[in-house]
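Accompanying notes for the structure given below.
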Amino acid sequence: MTTRRTTRWNSALIAALLTSGIGALVADSTLLLLSIPPVVFAVYSHVPTSPAATLELERSCTEPAPSHGQAVEVTVTLKNAGDRMLPSVCLVDGIPPMLSVTDGSARHAAALGPDDETTFSYTVTAKHGTHRFRPAAVVLEDISGSVAVETNVETETELACRSPVRTATLEQIAHRYAGSTITVDNGHGTVFSTVRSYQPGDPQRKIDWNRYARDRELTTISFRDERSRATLLCLDAREVCYRSDSSDEPHAVFYACTVARELLDTIATANGPVGLAVFGTEQRYIAPNTGAHHVETIRQTLDDPKLLPLEPPNRTRPGDTDELPIRPLRTRFGEASILLISPLLDDSPLETARTLRADGQPVTVISPAVTATRSLGTAVAGLRRDNRLGALRRSNVTVIDWDPETALETAIRAGANR
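Each residue of the sequence shown is one higher than the last, beginning at 1 in full-length UniProt numbering.
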């Protein structure tokens, strides 16, 4: 909460001083009398008052889980829960950064008596992803308008515009390469493997007693262990990726985080091992694993505003480059399937994916399209991106070209069937 004095009555005070000064100089009593009202108002404006109050905010949406492109009406109610009159209340609602108002206004003003409330509505258009509303900014002024109190009023509200991906659809790209199931012949497991002659020291539980009862021959059954190949979500969140079709559209990093959350939920539902690598202002690597705690750690990482800020970061060091530093982590990947999520706005992810594929690493590129041809510049960027998509396909890299105006699963199916 911040309290400040306004300059509303400064002009009245200046006028009063000028009038009284001229009246005294020319000995005109009329001018002296005319200067009294402005002086009174100016003095009154400096009487200590505080418009601070207890405020309560309620916010509701007509559809908390809308589809992409759906119009959602947001209704905001502000209540004066205190016992003091609030002569001037100005409010600006905390619209999520990636959404914009398409009808109405998120600004509102009213005067509120004790226990009074005011309500207003506006409309936003839903976009893919989870959008959290920020606190509403409120400015309170006293009756003279000379003192203003700035404060924030918070209530938790979010729009979850999901684009879920079914497990069967994800497996078409994540594990389409040979050897998607890793087999370990360690003798311990649940899947029958081989039968061999009995050797001294073999555990009794592995002896084929049925065969012994039939043929009087001791044999040992060997089992193998099968487990799903791990999936590693690699997120390209470099500065160059903070690009959007227009100022009122989400940028590519936001869409990339949306893709990562949807894929994470799908893999977690199937109880598959999953990991995360983020390449942005900072680097973060979480090795593939399973379990609710592990999945929640990845979710919190994707929601970290310092690691993945909504606003484009500023380059802090003159020597910084825009290269995608995946190769130094190559030794950690093992046999994991790589899902590289990148808008492909430069050649770095292209070269990285081709190198990984040439090394035998299963890799799929999922690319949110943020280069609609609205201008000559975006048209050129879109053409270059198309060339990179073609180069990846020629290198036997699976590519998912996702237009955010369509469902993510539709794009994955189309990419898997190319």
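For each residue, glycine too, the CB sits at the ideal point set by N, CA and C. For clarity, every value in this text was computed on a predicted model and none was experimentally measured.
Just verifying my parser: in three-state terms, what is the DSSP assignment at residue i?
i, result
"R162", "coil"
"residue 482", "The structure shown does not extend to residue 482, since the chain spans only 1 to 418, so no value can be given for it."
"V365", "strand"
"Y212", "helix"
"R243", "coil"
"L408", "helix"
"N387", "helix"
"V370", "coil"
"T297", "helix"
"H128", "coil"
"Y255", "helix"
"Q283", "strand"
"R354", "helix"
"P288", "strand"
"P349", "helix"
"L232", "strand"
"T77", "strand"
"E323", "coil"
"A109", "strand"
"V92", "strand"
"L338", "One point to set straight first is that residue 338 is Ile, not Leu, in the sequence displayed. DSSP places I338 in strand when its eight states are reduced to three."
"V380", "helix"
"G179", "Confidence at G179 is low in this model, with a pLDDT of 43, below 50, so the placement of that residue should be treated as unreliable; the coordinate-derived value is given next. Coil, per DSSP."
"V153", "strand"
"D225", "The predicted position of D225 is uncertain, since its pLDDT is 49 and thus under 50; a value taken from the coordinates is nonetheless stated next. Strand."
"A260", "helix"
"E311", "coil"
Using CA atoms only, rank isn't needed, just tell me which of the options is closest to residue i.
i, options, result
"V72", "P114, K127, T364", "K127"
"M98", "Y242, H131, T118", "H131"
"L55", "L389, R413, T77", "T77"
"T331", "R354, V165, D304, Q361", "Q361"
"D359", "C234, N396, P64", "N396"
"L329", "P313, L232, P114", "L232"
"A106", "D403, T157, G94", "G94"
"G291", "D265, P305, E311", "D265"
"A336", "P273, E409, R354, A160", "P273"
"R216", "Y198, P203, N387, D202", "Y198"
"G113", "P313, M85, G415, V138", "M85"
"E117", "A109, V124, N314", "A109"
"V138", "E158, R162, K79, T125", "K79"
"V124", "P288, V153, Q70", "Q70"
"D115", "A81, D304, F254", "A81"
"P250", "D403, V92, L389", "D403"
"V259", "E63, E405, L383, P368", "P368"
"E158", "T167, R211, A213, C61", "C61"
"T151", "S100, V165, R134", "R134"
"D304", "D248, N210, C257", "C257"
"T363", "E409, V153, F333", "Inspection of the sequence shows that residue 363 is occupied by Val rather than by Thr. Selected option, being the one with the closest Cα: F333."
"A270", "R166, L356, Q204, R357", "R166"
Would you mind giving the Cβ-Cβ distance between residue i and residue j, rounded to the nearest angstrom? I have them listed as a contact below 8 Å.
i, j, result
"R261", "L302", "6 Å"
"R385", "L345", "7 Å"
"I298", "I286", "6 Å"
"A230", "R243", "Actually they do not touch by this definition, with Cβ atoms about 31 Å apart."
"R119", "T75", "In the sequence as displayed, the identity of residue 119 is Thr instead of Arg. About 7 Å separates the two Cβ atoms, so the contact holds."
"D236", "S342", "4 Å"
"I400", "A411", "5 Å"
"V89", "A136", "Incorrect: roughly 11 Å between the Cβ atoms, too far for contact."
"D248", "S348", "Contact flag wrong, Cβ pair sits at about 28 Å."
Looking only at its own chain, which residues have a Cβ that is under 6 Å from the Cβ of residue i, when we skip the five neighbours before and after it?
i, result
"T352", "L324, I326"
"A381", "T371"
"T155", "L57, R59"
"A160", "A65, T130"
"V195", "T219, I221"
"D83", "P114"
"H293", "none"
"E405", "none"
In chain order, what residues of the same chain have a beta carbon less than 7 Å from the beta carbon of residue i, not counting five sequence neighbours either side?
i, result
"L307", "V278, G280, E282, R284, T301"
"G415", "I173, T398, V399, I400, D401"
"A407", "S163"
"L350", "L344, R388, A391, L392"
Which same chain residues, not among the five before or five after residue i, have their C-beta less than 8 Å away from its C-beta?
i, result
"residue 422", "Nothing about residue 422 can be read from this structure; the chain reaches only from 1 to 418."
"S121", "E73, V74, T75, V76, G104"
"F254", "M98, G129, L310"
"R393", "V399, R418"
"N387", "none"
"V295", "L264, A268, V274"
"Y212", "L218, T219"
Can you confirm whether residue i, when its beta carbon is compared against all beta carbons of chain D, has any partner nearer than 7 Å?
i, result
"Q199", "Among the chains in the structure shown there is no chain D, since it carries only a single protein chain."
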